Amino acid sequence: MRNVYGTVIRQFDRAADRMGLDPSIRKILSVPMNEVVINFPVKMDDGRIEMFAGYRVQHNDALGPFKGGLRFHPAVEINEVRALATWMTWKSAIVDIPFGGAKGGIQCDPSLYSESEMQRITRRFAFSLGANIGPEYDIPAPDVNTNAQTMAWILDTYLSTLPPGDRHRALHVVTGKPVEAGGSIGRDKATGQGVVYCIERWAQDRSFDLSNATYFVQGFGNVGSWTARLLKPYGSKLVAVEDHTGAIANPAGIDPDELSVHVAQHGGVAGFSGTEAIDHEAFLRTQADIFVPAALENQLTAETTPWLDVKVKVIAEGANGPTDLDGDAILDEKGIDLLPDILCNAGGVVVSYFEWLQNKRSEFWDLDEVDGKLRRRIMGGYDRVRAAADEFDVDWRTAAYIVALARLERLYKRRGIFP
Ligand code: GLU
32 MRNVYGTVIR
42 QFDRAADRMG
52 LDPSIRKILS
62 VPMNEVVINF
72 PVKMDDGRIE
82 MFAGYRVQHN
92 DALGPFKGGL
102 RFHPAVEINE
112 VRALATWMTW
122 KSAIVDIPFG
132 GAKGGIQCDP
142 SLYSESEMQR
152 ITRRFAFSLG
162 ANIGPEYDIP
172 APDVNTNAQT
182 MAWILDTYLS
192 TLPPGDRHRA
202 LHVVTGKPVE
212 AGGSIGRDKA
222 TGQGVVYCIE
232 RWAQDRSFDL
242 SNATYFVQGF
252 GNVGSWTARL
262 LKPYGSKLVA
272 VEDHTGAIAN
282 PAGIDPDELS
292 VHVAQHGGVA
302 GFSGTEAIDH
312 EAFLRTQADI
322 FVPAALENQL
332 TAETTPWLDV
342 KVKVIAEGAN
352 GPTDLDGDAI
362 LDEKGIDLLP
372 DILCNAGGVV
382 VSYFEWLQNK
392 RSEFWDLDEV
402 DGKLRRRIMG
412 GYDRVRAAAD
422 EFDVDWRTAA
432 YIVALARLER
442 LYKRRGIFP
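So this is what it looks like as structure tokens:
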């Protein structure tokens, strides 16, 4: 596994050099503020005790409470969590929401455990985190292999540790909750919805007609499936999908709604009727206009990026960190537009912010309000990144960093460093 935190540092250095970021602020932002590593025991269904490693890295809270998801995956380790936490700081700054950046997770393969084991793993981790999370301090959310149910368990565990009279004031300790447990309408689809708004803004900007477009998607979890389904009403056609079970293609079109039903029943895209099974290289060579990587890190590299077809016009990064630095350089050479992760997939944390506000104010917004506000945030972020790309004559990832770093620089200059 490549060290994705090394990628983050190099992305950061490139932007900081280009914009001339204040050297003191550069030092502050180049390391995470806090890192929590917890080894905790959980009793399995057969009575055995197993040990798990859980992480929470809090990169920066200058703009607001630490905020970011929890990921349950075998590849979770401290450097990956550092990288993901750092990207969260930039993400919130770009879409102008008052949060800092954090990320966490547990190194585990959830497919190996029963539901009751997963519940005990989650609750024991939440309990062990204790006061390292909190509604005004650090607010987890779903990420890879975690969902609204995971958040409900964390919420219930956290509230159980508080005095009874304080419990109703702490509903916003996690976001991405089930709607019946204080979640927001529109949060489940929010990351995919944000990806689609970002693609829509790009299409307007480039006078590109989405009603005749084709797209392919890597990953068919929360982000990939929602993106695929929400692009369909624009008239665009899904032609290939890849997930952990394999890759499928049909140049005549794949119905993303029917594919979602298949995935819910079979656990993956493989075997979906009317499609042909293809290998990984053939998938990345798909002839289509839009590619949405919505799985894990390091998918577009020196080896794989050259495979992208000449027809591909834009990469919309639904995943965090799907393209490494070599991949970026090759996209640039090929003249493929890039909607970088810290802009393109910010819809999740934006609607997390809306959920957090609704909880604090005891309000319930309707879907039109949530979607309308999300659209404005994403499109505003797009316009700021575009302006920075023009002003500094840089690629869009560097431009996105410049937007985030400039915002943090203004704040630190005003506040100063204690003492
Ligand atoms: N895990 C999502 C992300 O990577 C959402 C984080 C959040 O809502 O706090 O952006």
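Numbering-wise, the sequence shown is residues 32 to 450 according to this note's numbering. Heads up, the beta-carbon is just placed ideally off N, CA and C, and yes, glycines get one too. All of these numbers come straight from a predicted model, not from anything done at the bench.
Counting of Cβ neighbours within 10 angstroms places M82 among the exposed residues, the total staying below 16. For H297, the uninterrupted alpha helix (DSSP H) run begins and ends at 287–297, by DSSP. Per DSSP, reduced to three states, the secondary structure at H90 is strand. Burial state of D310 is exposed, judged by a 10 Å Cβ sphere holding fewer than 16 other Cβ atoms. Distances taken from the Cβ of V107 to the heavy atoms of the ligand GLU include none shorter than 7 angstroms. Following the DSSP letters along the chain, one finds A114 inside the alpha helix (DSSP H) bounded by residues 109–125. Under the Cβ criterion (8 angstroms, minimum of three pairs), the region 357–371 does not count as touching the region 150–157. Within the same chain, Cβ atoms closer than 6 angstroms to the Cβ of G412 are found at I125, V126, L374, the five residues on either side in sequence being excluded. Taking the C-beta atoms as reference points, T206 is found nearer than 8 angstroms to E386.
Between the ligand GLU and A201, a heavy atom-to-CB distance of less than 7 angstroms is absent.
Counting C-beta pairs closer than 8 angstroms gives three or more between the region 184–192 and the region 154–166, which meets the contact rule. For N178, the secondary structure class from DSSP, reduced to helix, strand or coil, is coil.
In the displayed model, H104 falls within a strand according to three-state DSSP. V382 is the residue among N34, P63, V382, R415 whose C-alpha sits nearest the C-alpha of V210. With a beta-carbon spacing of about 6 angstroms, W233 and L370 fall inside the 8 angstroms limit used to define contacts.
In this structure, the alpha-carbon of V107 lies about 8 angstroms from that of C139. When DSSP states are grouped into helix, strand and coil, A419 belongs to the helix group.
The bridge partners DSSP lists for T245 are K268. Under the DSSP assignment, E307 falls in the beta strand (DSSP E) whose first and last residues are 307–309.
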